Structure formats: structure tokens, C-alpha cells
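698 is the number of the first residue of the sequence shown in my numbering; add one for each residue after it. The C-beta atom is built at its ideal place from N, Cα and C for all residues, glycine as well. Computed from a predicted model, the values in this text were never measured in an experiment. A short write-up of the structure that comes next.
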Amino acid sequence: MGAITRPRPAKVLWGLVRQQRGTLLPAAGLSVLGAVAALAQPVVVNAIITAVQHGDPGAALAVGACALFLAVGVIMSVQQYLLQRMGEGVVLSARRSLVSALLRLPIAEFDRRRSGDLVSRVSSDTTVLRLALARGVLAGVGGTVTVIGALGALVYIDALLFGLTVLVALVFAAITAVLAKGVRRASQEVQAQVGALTAAVDRAVRGIRTIRAGNSTDRQEELLQRHATASWHAGLRLARASSVIEPMSVLTTQAMLIIVLGVGGYRVASGQLAMPDLVSFLMFVFLLVAPLGQIFAAVGTLGSSLGALDRIQEIRDLPSEDEVRRRAAVVPTAPADGGGARHALSFHDVRFGYDTGGGGDPALDGVSFDIERGARVALVGPSGAGKSTALNLVVGFYPPESGTITVGGVDAATLTAAQLRAGVAYVEQDAPALAGTLRENLTLTAPGATDVECWEALSAVNLTGLVQRSSRGLDSEVGESGVALSGGERQRLAIARALLSRPEVLLLDESTSNLDGHNEMLARQAVQRASAGCTLLVVAHRLSTVVDSDLILVFDGGRIVARGTHEGLLTRSGLYRELATHQLIA
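So this is what it looks like as C-alpha cells:
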């Protein structure tokens, strides 16, 4: 397939701004109104000076000028609020779309990327947009009106002074445009370094117990210090690139004032220009200063925002899990057989490898099997044989490179990820618990479950004591990654969560490895009761989990090397006999 053409960041930014048109339009209207009011000020001052020169005190005009100044202040205040509100709306929109994209990325993307860097894009990168929008829109709307109006007035008052003033502004604008490119590149580097630092800190915080127990605190501190220093250097490069831009507005202003005062003073002295007109000209020049300063500042800030938006858009442009599934859909290598309807799950010549470059050995190499509805199937084999990979493909974490997987007689490639997982529950090998309460963990896959059903699920895996030891009951906190629970408690909680969803297919990946004999028996009995009428696939290393299975699949080197019942495999498979003997000794 051809490469995805990514829209230009400025176009994406404008698309986000357009979504806030309900706030943008009133803010733009106030910007125009404020610009018109500001442009009226030099005209009123000119009239006052002219009136005074003719012996009129101009009291009424002075009152009008004061009212005009006050109106401009009120308009600017309301306008600023609306612009800030619009900026917050754009940030919210960007975060919503980014979160939606993140949660739907293929699992392979999470394998390749650091979680802290992804978090940084949601928190840090989106925040950069706010300042750029508030400053950029202000310069682009009201500033444009002010600049056009002021330039028109300057031409009307004195064309020569106008030409000299514009020439100075154009020279500095050209310099600023060149510098802005460097700001954008430096901003991208800053955001990347901040993302790397966030990822490293996230890794250290999550693994703090392992780090402390391994006495590697100093080494981890050194690593984080290097990331922090790299981020600091990137920040300095951005500071150097952007430090010249804003002073350009000051230099531009000073150069224009020198031109106006020098040339304008000479023209007044020679009678070519009236004093009130020179004062008005100066006021119009000052009116240009603010919007030009905003434009210069906005150019630098916009460069930073576009650098951050590049990182945001990189994630938003990645294909979703369902898109990857559709692209990876393969033509079935064999027609569905007549028994497909009774098969809860089938693999036909399935091949898959984690190395997308194709250089490594496949994790699954030509795996085929059929599992009837309601069957209890065990997957055994040495570590790295492909057992967990098979479950990962069943639950749709990865699409197969070739071959066909059918669930309930339906080709899994024709289903969305949500459709595939609607009847599948998966208990992972490390059985993670999410930060939050017991109730939130239990109802993750069954949001409509009642308290009674939660209690029943916990009771089935002998976890009621966990709830009773806290006065908060089901609202007890489990801590970050379930740190308040033991490994066995996390496993039983994961099993209870899976049982609560009443799946058609239940996948257990070494889900009792951390349990003692008594709790393993209780968990196994709970699974047996809850899986009545449910198809069960278990990756297991314990003989007690395997012996009563309807079918045992023996994996080795990504292939199924034997299949059958416990008694049959003891006589026919040397590998299974070796594994079983080891478990009996253990």
C-alpha cells in the first residue's frame, strides 16, 4: 500500500479552530470592533489638536476620546476571554481525538512505543496549542484589521513616510520568517525529548520496587538525569532559536519611530506636513506596534505549536486496530468445513511472527486445530513455544500473517475487534489490576454488574476476605497496578472479572501460576462452574490444570507437535511425558 499523505499541520490546526466557530466568530467580531475603535483614536486626537490650534478647548472631543479608550479596554477584555475559551476548546478537541486514537491503536504500536511518550502527547503536546491559538488568532483577526486600517491611514497622511515605514517592516518580517523555521525544528526536538523523559520517569515509577530491591536507584537516577539534561539542551536550542524573534518587534518599532520622527520632523519644519497629521501618523504607527508584535510573537509560538501538532498528528494518522485487521485480512486457505458451526474456535494453517521485518523465526508456524463448543482445552509446551501467542491471536491483539482463524464458524478477519471480543474473556499471564477500586476492576468488562454479582464472583475465587478487610468494601482501592494486592490476589481478581462477563470463550494464560494449592483448587472449581457451556482454553504449566482437559495441544517451536488426552499423550509424546514428569516431581 502507498504511504499515507499527512495533512499539513497548519491545515490540521485550522480544522481544530473551525470546530470552535461558536466562540471564534464572536471573538473575531469583537476583534474587528476593537480594531475599528482603536483606529478611531488617532482621528479623534487629530481633531482635538486641530480644535485647540483654532482656539477651541475641544472638551466634547476629549470626553469622546476617553469613552473610546474605555470601550477599547472593555472590548479587549471580553475578546481575550473568548479567545482563551476557544483555546481551551481546541485543546479539549485535540485531547479527545488523540485519546480516541490511542485507545484504538493496534497492540503492536504499544509494543514499539514507550507509554510515557504517548502520555506526554496527550498532556504536554496538546497544552502547547493553547498559547499559540490565543496569540495567533488575536494577531490574525483584530491585528489584520488594525494593520490594514492603520496602513491605509498612513498612506493618506503621508505616502513618503508610509513607504519608508513599510520598507523597514518588510525587512524585519523576512528575517523573522527565516528564523521561524528553526523554531519549529527546535520545538519538535523539545517535545520529543520531553516525551522521552516522561517515558523514562513513568518506567522508573512503575518499577520502583524492582529498582529498590535490585539496589539500582543510583543507576536509574543517572539515566533520568541524562534524559533531563538532553531535554534541557533541547530547550536551550529552542530558546536560542526563538530568542531573536520577539526582539524583532522591538527593533522594528524603534526603526519605524526613528524614521517617522526624523523624516516627519523635517517635513513639519519645511511645511510639507501639519503637526496634527504628524501626531496622528505617530499614533497610527504605535497602533501598528501591538499587532506587529503579536504577529512576530505568534510566528514563534505557532512554530512551537506546529511542532507539537506534528507529534499529535503522528498518532492520529496511525491506522486503528480495525483498519489493520481489515488490511491484514487474508483469503481463507481452505473452505469452511461442514462442522464449522459446531466449532467454537478453529485455526487453519496459521502463521504469525512478532518480527514485522520477517527476519526472525515465526512464533506460530502452520498451526491448525478445531475446538468444539463447550470443550476444555489445555495448551502446554516449553516457554516460548507459541502458547500465549495463540491466545493473543484469538483475542485479536494481532492479525495472523497467513491462515484463517474462525470463531463460532465465522472468519475472525471479517469481524471488528469489538465484535470478536464480545464473547471472549481473556485473563493475561501477569494478571494486571488497574488503579482504582475493586468494583471498577470487576465491572471493567461487565459495567452493568450489580454488587451481588460482584460479591458472587469474588466468593467463587475466595476473595471475599479481601473485601471484608476494608471498611470501604467493594470501593477499596487496589493501588497503582494493583500494588495493594498480592500476585495471587491479582490473579484471582482477574479470573473473577472474566467470569463476571459470562463469556462464550474463556482464555486463561497461566492464570493460577501465583496461587497456592488451596486457592488454585478454588479458582479451578470456580472456572469449571462458570465455564459450563463455555469453551475454555488454558495455557498451563501445572499438571492439575491439564489432566481433566478434553483436549491437550502440545506446542514446541511455534508448532503443534502432539494432541490428545492426558493418558494418550503420556504414551505417545515424549515431550509431554517429560513435561508431565517434571510437574509430578514439582
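Per the coordinates, the alpha-carbon of residue 940 lies some 20 Å from the alpha-carbon of residue 827. Bounds of any alpha helix (DSSP H) do not take in residue 1058, whose DSSP letter is neither H nor E. Of the candidates 1005, 730, 922 and 954, the residue whose Cα lies closest to the Cα of residue 885 is 1005.
Counting along the chain, the unbroken alpha helix (DSSP H) around residue 786 starts and ends at 756 to 800. Between the segment 1238 to 1257 and the segment 1055 to 1069, the count of C-beta pairs closer than 8 Å reaches three or more; the two stretches touch. By the Cβ test, the segment 1176 to 1194 is in contact with the segment 1122 to 1139, since at least three Cβ pairs between them sit closer than 8 Å. Minimum Cα-Cα distance from residue 1197 among the listed residues 964, 881, 1141 and 864 corresponds to 1141. Contact between residue 1272 and residue 1251 holds, since their C-beta atoms are separated by about 6 Å, short of 8 Å. Distances from the CA of residue 1159 to each of 1190, 1136, 1040 and 1007 were compared; the closest alpha carbon is that of 1190.
In this structure, DSSP gives residue 1205 an extended state, which the three-state scheme calls strand. Under the three-state reduction of DSSP output, residue 1252 falls in the strand class.
Residue 1091: member of the alpha helix (DSSP H) spanning 1084 to 1091, first to last residue. Under the DSSP assignment, residue 1112 falls outside any alpha helix (DSSP H); it carries neither an H nor an E label. Under DSSP, residue 1174 shares a beta bridge with 1134. In this chain, the beta strand (DSSP E) harbouring residue 1073 covers 1073 to 1077. Within the model, the alpha-carbon separation for residue 1008 versus residue 888 is close to 8 Å.
Shown here for residue 964: same chain residues with a beta carbon closer than 6 Å to its own, the five before and five after excluded, namely 970 in chain order. Cβ neighbours of residue 1269 within its own chain (closer than 6 Å, five residues either side excluded): none. At the C-beta level, residue 1074 and residue 1246 come within 8 Å of one another.
Non-local C-beta neighbours of residue 812 in its own chain, meaning closer than 7 Å and more than five positions away in sequence, comprise 896 and 899, ordered along the chain.
In the DSSP assignment, residue 923 falls within the alpha helix (DSSP H) that extends over 914 to 940. Nearest to residue 785 by C-alpha distance, out of 749, 823, 804 and 756, is 823. Beyond the five residues adjoining it in sequence on each side, residue 891 comes within less than 7 Å, by CB distance, of 817, 821 and 928 in the same chain, given in chain order.
Counting C-beta atoms within 10 angstroms of its own C-beta, residue 815 has 16 or more neighbours from the protein chains shown and is therefore classed as buried. The beta-bridge partner set that DSSP reports for residue 1236 consists of 1076 and 1206. Apart from the 5 residues on each side of it in sequence, residue 762 sits with its Cβ closer than 8 Å to the Cβ of 738, 741, 742 and 745 in its chain, given in chain order. Considering only 1202, 825, 1192 and 960, the residue with the shortest C-alpha distance to residue 1221 is 1192. A Cβ-Cβ contact shorter than 8 Å links residue 1206 with residue 1085.
Between the beta-carbon of residue 1102 and that of residue 1047 there is about 6 Å, and that keeps the pair under the 8 Å contact cut. Secondary structure at residue 862: helix, using DSSP grouped into helix, strand and coil. Taking residue 788 as the centre and dropping the five residues before and after it, the same chain places the C-beta of 823, 824, 826 and 827 closer than 7 Å to its C-beta, in chain order.
Within the same chain, and ignoring the five residues on either side of residue 973 in sequence, the residues whose Cβ sits closer than 6 Å to its Cβ are 743, 746 and 747. In this chain, the alpha helix (DSSP H) harbouring residue 807 covers 804 to 809. When the five nearest sequence neighbours on each side are left out, the beta carbons in the same chain lying within less than 7 Å of the beta carbon of residue 862 are those of 851, 953, 956, 957 and 982, in order along the chain. Per DSSP, residue 1048 is one residue of the beta strand (DSSP E) stretching across 1040 to 1049. According to the DSSP assignment, residue 1268 belongs to the alpha helix (DSSP H) that extends over 1263 to 1269.
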